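Residue numbers (the working numbering), protein chains in the order written: chain C, 627 to 829; chain G, 627 to 829. Using N, Cα and C, we set each Cβ at its ideal position, and we do this for glycine too. Quantities reported herein were computed from a predicted structural model and do not represent experimental measurements.
2 protein chains.
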Amino acid sequence: MPKLVDPHERRTLLADALLRVAAERGLMDVSLRHVAAEAGVTAGMVQHYFRTKDEMMIFALDVVAARVQARLEDDPDPRRLVRSLLVQLLPLDADRELEGRVAVAYHAYAATRPDVAARLRQDTIGMRAAVAERIRAAGHPGPLDPDVAATGLLALVEGLAVHVLGGHLAPDDALATLDAHLDLAFGTPVSTPPPAARSGSRA
Amino acid sequence: MPKLVDPHERRTLLADALLRVAAERGLMDVSLRHVAAEAGVTAGMVQHYFRTKDEMMIFALDVVAARVQARLEDDPDPRRLVRSLLVQLLPLDADRELEGRVAVAYHAYAATRPDVAARLRQDTIGMRAAVAERIRAAGHPGPLDPDVAATGLLALVEGLAVHVLGGHLAPDDALATLDAHLDLAFGTPVSTPPPAARSGSRA
DNA sequence: TCCTTCACGTTGCAGGTGCAACGTAACGGA
DNA sequence: TCCGTTACGTTGCACCTGCAACGTGAAGGA
Numbered sequence: 627m628p629k630l631v632d633p634h635e636r637r638t639l640l641a642d643a644l645l646r647v648a649a650e651r652g653l654m655d656v657s658l659r660h661v662a663a664e665a666g667v668t669a670g671m672v673q674h675y676f677r678t679k680d681e682m683m684i685f686a687l688d689v690v691a692a693r694v695q696a697r698l699e700d701d702p703d704p705r706r707l708v709r710s711l712l713v714q715l716l717p718l719d720a721d722r723e724l725e726g727r728v729a730v731a732y733h734a735y736a737a738t739r740p741d742v743a744a745r746l747r748q749d750t751i752g753m754r755a756a757v758a759e760r761i762r763a764a765g766h767p768g769p770l771d772p773d774v775a776a777t778g779l780l781a782l783v784e785g786l787a788v789h790v791l792g793g794h795l796a797p798d799d800a801l802a803t804l805d806a807h808l809d810l811a812f813g814t815p816v817s818t819p820p821p822a823a824r825s826g827s828r829a
Numbered sequence: 627m628p629k630l631v632d633p634h635e636r637r638t639l640l641a642d643a644l645l646r647v648a649a650e651r652g653l654m655d656v657s658l659r660h661v662a663a664e665a666g667v668t669a670g671m672v673q674h675y676f677r678t679k680d681e682m683m684i685f686a687l688d689v690v691a692a693r694v695q696a697r698l699e700d701d702p703d704p705r706r707l708v709r710s711l712l713v714q715l716l717p718l719d720a721d722r723e724l725e726g727r728v729a730v731a732y733h734a735y736a737a738t739r740p741d742v743a744a745r746l747r748q749d750t751i752g753m754r755a756a757v758a759e760r761i762r763a764a765g766h767p768g769p770l771d772p773d774v775a776a777t778g779l780l781a782l783v784e785g786l787a788v789h790v791l792g793g794h795l796a797p798d799d800a801l802a803t804l805d806a807h808l809d810l811a812f813g814t815p816v817s818t819p820p821p822a823a824r825s826g827s828r829a
């Protein structure tokens, strides 16, 4: 065998280019040629590593899912673990913002591609179960059923992410909202720092 | 002047066709020709009523916003009003499911079109202010600051809608989650009906 | 009756799309 | 040294895209 190239590395390189294009110009602008240009390679090479465009899109989704998973460091404290899991789904820094834009784009994309939808669903359901389990493990039952609380937290971060990405909400407010709901989910006393100047009437 | 045609009616007809295409096949499949075919007219007529594709997209967004607004009936009870506002953002029936798919698609689209983003932002901020005001009007302070609660509720329904649309969550569970959080926001006793069989391990 | 004005329909174009087919250079085992 | 395999690069094709340009029929005021 010649050339000895790690295919997975190449595919990951291309997936990164795709994610950059998707985040900056939207999924509608993701084409073989744009991805190739972004990666600095020819369109032919992209075709060499992905037989079809859909295959490339799904691989890119796998890449981000794996990275989110990898960023999770084990924490003995259930609430801290859940919080770190949820916080990294919010677009609080430049990297998460890119991933957030990609996520929104993929949710729209999933509406027409059943296999993409299945992939997203699997991730969501897994996280929900994990969150519910940690809430139960925490021991202090709050006002919410753990399953309801987990469902709510997952949906909440999803919505907060969308609102922050759209510029509807300041990142700090998103974080404060998340923490307040974490308090409720974990049955700890609510300690909402006074919201800065959130009025809603000045726009 | 000949032919006497109501332009707004025609544009709305085309916008409806666009919304159907967007909901069923995704925003990537929204093209002048597809919209025209869905509406049963020629592409030339579409061009006659919208000088550019973007103009058509934004008009369609205005149409749904106006409809959501129009469906709101005044209710003296703050909580009932907020609930009816939020419930209609969930894809609980076929019509709302179409609108939900459109909304997700537009959120992705807004990432690249600043004017679309501005339109969405305006709606979100308006609703947030309205919800916060009603929570305050209700009188029984709950565990959450009204602004935080309003922000949370809006983000929650956004996320719940995404999860229901993706098949990650059953509509009933979404509704139960919303009601539980409404209880918290309005400071009323939590009355979560026992969740049916929400396990998360059966998918 | 004419003739302007509106409401479309038709045609065409330059560019982009996914993808198949084919070419080729280089490495490594035989 | 030969030769098969791998890793690309190149070319081409059928199709779709938004949009401009132009054509046409009818309605209604003059």
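Cβ shell of residue i (< 7 angstroms), same chain only, five flanking positions each side left out
i	result
Leu644 of chain G	Val656, Val661, Met682, Ala686
Gln714 of chain G	Val694, Arg697, Arg722
Val689 of chain G	Thr638, Ala641
Met654 of chain G	none
Ile684 of chain C	Asp741, Val742, Arg745
Buried or exposed by the 16-neighbour rule on C-beta atoms within 10 Å, applied to residue i
i	result
His634 of chain C	exposed
Arg706 of chain G	exposed
His674 of chain G	exposed
Val631 of chain G	exposed
Arg677 of chain G	exposed
Thr814 of chain G	exposed
Pro702 of chain G	exposed
Gly666 of chain G	exposed
Asp773 of chain G	buried
Ala729 of chain C	buried
Ala802 of chain G	buried
Ala720 of chain G	exposed
Arg828 of chain G	At Arg828 of chain G, the pLDDT of 39 sits below 50, so the modelled position is not reliable; the number obtained from the coordinates is stated separately. So Arg828 of chain G counts as exposed.
Same chain only: Cβ atoms within 8 angstroms of residue i, ignoring 5 sequence neighbours per side
i	result
Leu810 of chain C	Gly768, Pro769, Leu770, Ala775, Val816
Leu711 of chain C	Leu698, Met753, Ala756, Val757
Arg651 of chain G	His660
Glu664 of chain G	Ala643, Leu644, Arg646, Val647
Asp700 of chain G	Leu707
Leu786 of chain G	Leu716, Leu795, Ala800, Thr803, Leu804
Chain-order list of residues whose beta-carbon lies under 6 angstroms from that of residue i (same chain, five-residue window excluded)
i	result
Ala669 of chain G	Leu658, Arg659, Ala662
Asp749 of chain C	Ala691
Pro704 of chain C	Arg760, Ala763, Ala764
Leu839 of chain C	The shown model of chain C, from 627 to 829, leaves out residue 839 of chain C, and the question about it has no answer.
Arg636 of chain G	Tyr675
When the options are compared against residue i, the one with the closest alpha-carbon
i	options	result
Met671 of chain C	C:Leu640, C:Val790, C:Asp688, C:Ala729	C:Leu640
Thr777 of chain G	C:Asp773, C:Thr777, C:His789	C:His789
Leu804 of chain C	G:Gly792, G:Leu779, G:Arg709	G:Leu779
Ala649 of chain C	G:Ile684, G:His733, G:Leu718	G:His733
Glu725 of chain G	G:Ala737, G:His807, G:Arg646, G:Arg636	G:Arg646
Ala737 of chain C	G:Thr738, G:Arg727, G:Tyr735, G:Ala736	G:Arg727
Leu716 of chain G	G:Ala781, G:Ile684, G:Met654	G:Ala781
Phe812 of chain C	C:Asp700, C:Val708, C:Leu786	C:Val708
Leu746 of chain G	C:Ala800, C:Met654, C:Leu791	C:Leu791
Tyr735 of chain C	C:Leu718, C:Glu664, C:Asp680	C:Asp680
Ala731 of chain G	G:Leu718, G:Pro704, G:Glu784	G:Glu784
Residue i beta carbon near the ligand NAP (any heavy atom closer than 8 angstroms)
i	result
Ala755 of chain G	In the structure shown, the ligand NAP is absent, as is every other ligand, since no ligand is present at all.
Report yes or no: do three or more beta-carbon pairs, one from the stretch 745-761 of chain C and one from the stretch 753-772 of chain G, lie closer than 8 angstroms? no
Check: Do the stretch 736-743 of chain G and the stretch 783-798 of chain G make contact, defined as three or more Cβ pairs closer than 8 angstroms?
Finding: no
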